[in-house]
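Structure first, then comments.
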Amino acid sequence: MSSFDIIAPDLPESVNDATVAIWHKKVGNRVNRDEVLVEIETDKVMLEVSAAISGILDVIFKNVGATITSGEVLGRLKPTREEFLAEREPEPLPTHKKINNIVYSPSMRRRMIKESIDENTIQVDNFNEAIMKNTAPKDLSNQLGRVDLPKNLCAEEKYSTPVKRVPMTRLRKRISDRLLEVTRNTAMLTTFNEVNMQPIINIRKKYGEYFEKRHGIRLGFMSFYVKSVVEALKRFPEINASIDGEDIIYHNHFDISIAVATPRGLITPVLRHADSLSMASIENNIKDLAEKARNNKLSLEELTGGTFTITNGGVFGSLISTPIINPPQSAILGIHAIKDRPVAVKGNVVILPMTYLALSYDHRLIDGREAISCLVKIKEILEDMTIIILDI
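Below, the structure is given as structure tokens:
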């Protein structure tokens, strides 16, 4: 009966290799056609490999953690006739189980040598029961057929410190490399400002219900941030630029990366042509990208090519932070939790819903004047969205 190879999928052009992340089946397991067998992890995305036929997983050639390339054979499927499976009868269980893979303690082995006992002759009627009772015979020479496990067979040392060591995923390695790249190859600075979010809260309170009825999605804060950032980037093109060798690349489009936390790590799917999107389109696209990110369904194209990044530490309760640039971009905006705070307004102390903004930038390309002015413009727009409407 012929076997079928399980082939690694074609990797994107910019990806040289990948890592076997998860085998969903073990050797000998039954597999149905189109059932996901194995997941492959690249630097950015997870790729699924499904079974081409129904059968039995016969061999795994590439175990978890193995590095693979496009077209490599990962394993082999053996097709099985249903009628053959139906006719098979279970093999009768032996009266006694011979336990040849017991790991004996040094003291036990010394006793066995002293008593001239061959470990291959040791049997137990019920292996699980023997473990539970944990009553090893005192006289091994008189009870060759009744040997149970010693109490300390699998116990840790009394004063050992438990640790767990796991290999880094491809994504975590990539994040690590990129963060080190930023610290080594950029002159990163961060400038801060604070924003009164009351005007936006009023807009959401007044129009949120109508917005959701018309567009089928809630009016969140993120669309306001994106609109404000795009308008500010138009006025300060250096913030939307990047360095390539000894050249400066000015991007005349606005593809905004949105940081999304996933179980695998932080990734930044891209909101394409954000300058041409309505508020509803921004909210819908961000929702779709976030769902894809959490379900490992993003394509490589959806993760590359951003010109500026927005990261929201506020969803986790952060009051203020210094976000790290997402290379090869030159700047990133960190937004934070909205909290009621006492603020001086025209000589009076007023409680207002305030938030901090943090703009990190590469000082090699962006001067302090441009960075600070850009952040001030984002603040001004957030506090008065009519700036965009009137184009002032």
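Counting in UniProt numbering, the sequence shown runs from 1 upward without gaps. Think of the CB as a built atom: it goes at the ideal place given N, C-alpha and C, for glycine as much as any other residue.
- Leucine 382 sits close to serine 228, with the two beta carbons spaced by under 7 Å.
- Lysine 164 and asparagine 296 have their C-alpha atoms spaced approximately 25 Å apart.
- Two segments are said to touch when three or more pairs of C-beta atoms, one from each, lie closer than 8 Å; by this definition the stretch 19 to 28 does not touch the stretch 276 to 285.
- Under the 10 Å beta carbon count, methionine 46 is surrounded by 16 or more other beta carbons and is classified as buried.
- In the structure shown, the three-state DSSP call for glycine 55 is strand.
- Restricting attention to alpha helix (DSSP H) runs no shorter than 4 residues, the stretch 275 to 354 encloses them at 279 to 294, ordered along the chain.
- For valine 229, no beta strand (DSSP E) encloses it; the enclosing alpha helix (DSSP H) starts and ends at 222 to 235.
- Residue pairing for aspartate 5: DSSP places it in a beta bridge opposite Arg76.
- Distances from the alpha-carbon of threonine 169 to those of Ser299, Val350, Ser318 and Ala18 put Ala18 closest.
- Check the Cα spacing between glycine 55 and each of Leu180, Ser2, Ile201 and Leu303: the tightest is with Ser2.
- Pairing aspartate 255 with glycine 220 gives a Cβ-Cβ distance that is not under 7 Å.
- Contact between glycine 65 and alanine 8 is ruled out by a C-beta separation of about 15 Å, above the 8 Å threshold.
- CA-CA distance, leucine 37 to phenylalanine 4, rounds to 13 Å.
- Per the C-alpha coordinates, the member of Gly216, Gly313, Thr386 and Val350 positioned closest to alanine 358 is Gly313.
- Burial check for lysine 205: the Cβ neighbour count within 10 Å stays below 16, so the residue is exposed.
- Straight through space, the alpha carbons of valine 260 and serine 299 are spaced by roughly 15 Å.
- In this structure, glycine 245 and arginine 172 do not form a Cβ contact; the two beta carbons are roughly 29 Å apart against a cut-off of 8 Å.
- Here the C-alpha atom of lysine 379 lies approximately 14 Å from the C-alpha atom of methionine 222.
- In the structure shown, glycine 265 falls within a strand segment according to DSSP collapsed to helix, strand and coil.
- In the assembly as shown, alanine 293 is a buried residue. Its beta-carbon has 16 or more other beta-carbons within 10 Å.
- In the DSSP assignment, the residues bridged to aspartate 244 are Asp247.
- About 4 Å separates the Cβ atoms of threonine 190 and threonine 322, confirming a contact at the 8 Å cut-off.
- Of the candidates Thr67, Thr307 and Ala344, Thr307 places its Cα closest to the Cα of serine 242.
- Around the beta carbon of alanine 371, a 10 Å sphere encloses 16 or more other beta carbons of the protein chains shown; the residue is thus reported as buried.
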